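Here the sequence shown stands for residues 1401 to 1527, numbered as in the working numbering. Using N, Cα and C, we set each Cβ at its ideal position, and we do this for glycine too. What you are looking at is a predicted structure, and each value in this text was computed from that prediction instead of being measured.
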Amino acid sequence: MTNKTEVSNSELKVLEILYDKKEAVTIPQILLELKKQGLDWLNPTVANYLKRLQKKGIVDSVKKGQNRYFYAIVSEQEMQNEDAKKIIDTRFKGSFINFLCAFSKETKLSKEEIKQIKEWAEHLDDE
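Quick look at the structure:
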């Protein structure tokens, strides 16, 4: 994983499109997807966010003919893992238990979710 800085909400919108498409896309294709979400962003705006994501080592591009295609080089799972670690480190003093306790106090877990958590915890013993 890269040693990157925070990803803004706007950068994340663009990145999520790259993850959803699962293939390299052009800026016009990204603009079309944003339009479907009710966002009327301009080409230079999206280009700027992509440039920032490239500097952070999260996105790369390749030129094919006249077009430049952008794709994620850091997986969605890696991004989620890093985000979760940051939240636990900064909000819960690095304690996963503190995080689970705070979450479980505010959220009613279903029996299925409790079962999944137990299975996950049992799996940790196997590692």
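(1) Given residue 1493, which residues of its chain have a CB within under 6 Å of its CB, disregarding the five upstream and five downstream residues?
(2) Does residue 1492 come out as helix, strand or coil in the three-state DSSP assignment?
(3) Could you compute how far the alpha carbon of residue 1471 sits from the alpha carbon of residue 1423?
(4) Helix, strand or coil: how does DSSP classify residue 1424 here?
(5) Count the other CB atoms, across all protein chains shown, that sit within 10 Å of the CB of residue 1408; report buried if there are 16 or more and exposed otherwise.
(6) To which residues does DSSP link residue 1462 through a beta bridge?
Quick answer:
(1) none
(2) coil
(3) 7 Å
(4) coil
(5) exposed
(6) 1469
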